[in-house]
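J.: Mind looking over this structure? Questions follow.
Written out as structure tokens, the structure reads:
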């Protein structure tokens with residue numbers, strides 16, 4: 003049995019969605035190594051920051067231009083510093099699809115999907131010296147909407163250096 007069902011006893015669900023920030027927020031695509039701020043090397047751990055969807059995000063409503071400008075400035079600064087490794091938004095699920103594997107056999111379900119609180123609207127991949135440092139990064143980000151839920155998850159495998 004091949005991936006993706008090999009690790010899921012033949013059952014898995016994958017979601018296929020177009021990426022891109024509705025308001026034109028620049029993506030992160032150039033890897034930059036973080037300069038060592040300490041005399042001793044610090045092992046940085048990778049974290050995924052998952053942005054939970056909302057009605058506004060699912061509707062692909064663009065944030066105000068001034069918010070996009072703040073997000074772009076923060077993304078550029080943190081990418082240059084090597085903290086922000088990747089990130090992008092996901093378009094609403096209307097044009098998305100889910101591929102569900104049951105017993106190793108795929109079936110496709112077209113969007114839109116209605117369980118908005120369970121959907122992911124975007125992500126960042128960051129690296130930090132600790133979980134607390136990663137949480138501090140998340141708490142200080144200039145989010146475009148006043149009500150947002152984020153999930154911070156450590157990656158299962160370390161990134162190659």
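Numbering (this note's numbering), first residue to last: 3 to 163. A virtual CB, placed ideally from N, CA and C, is assigned to each residue, including glycine. Model, not experiment: these values are computed from the prediction.
1. Which one of 139, 133 and 143 has the shortest CA to CA distance from residue 45?
2. Here's the rule: buried if 16 or more other CB atoms are within 10 angstroms of the residue's CB, otherwise exposed. What is residue 147?
3. Is the stretch 52-69 touching the stretch 139-156, taking contact as three or more C-beta pairs under 8 Å?
4. Are the beta-carbon atoms of residue 157 and residue 47 separated by less than 9 Å?
5. Going by the DSSP bridge assignment, what does residue 126 pair with across the sheet?
6. Please work out which residues of its chain come closer than 6 Å, Cβ to Cβ, to residue 174, disregarding the five sequence neighbours upstream and downstream, and give them in chain order.
7. DSSP three-state call for residue 131: helix, strand or coil?
8. For residue 14 versus residue 102, is the C-beta distance shorter than 9 Å?
9. Go ahead and label residue 80 buried or exposed: buried means 16 or more other beta carbons lie within 10 angstroms of its beta carbon, across all protein chains shown.
10. My output table needs one value for residue 45: the three-state DSSP class, helix, strand or coil.
T.: Taking the structure as given:
1. Taking the chain shown and counting its residues from 1, the one referred to as residue 45 is at position 43. Taking only the C-alpha atoms, the option nearest residue 45 is 133.
2. The residue given as residue 147 occupies position 145 in the chain shown. By the 10 Å Cβ count, residue 147 comes out exposed.
3. yes
4. Counting from one through the chain shown, the residue named residue 157 turns up at place 155. Counting from one through the chain shown, the residue named residue 47 turns up at place 45. Yes, they are a contact pair.
5. Residue mapping note: residue 126 aligns to position 124 of the chain shown, counting from 1. Bridge partners of residue 126: 51 and 89.
6. An answer regarding residue 174 cannot be provided, because it is not within the stretch 3 to 163 covered by the chain.
7. In the chain shown, the residue the question calls residue 131 occupies position 129. In the structure shown, residue 131 sits in coil (DSSP, three-state: anything other than H, G, I, E or B).
8. Along the chain shown, one-based indexing puts residue 14 at 12. Along the chain shown, one-based indexing puts residue 102 at 100. Contact flag set, yes.
9. Here residue 80 is taken as the residue at index 78 of the chain shown, counted from 1. That one is buried.
10. Mapped onto the chain shown, residue 45 falls at position 43. Residue 45: coil per DSSP, three-state reduction.
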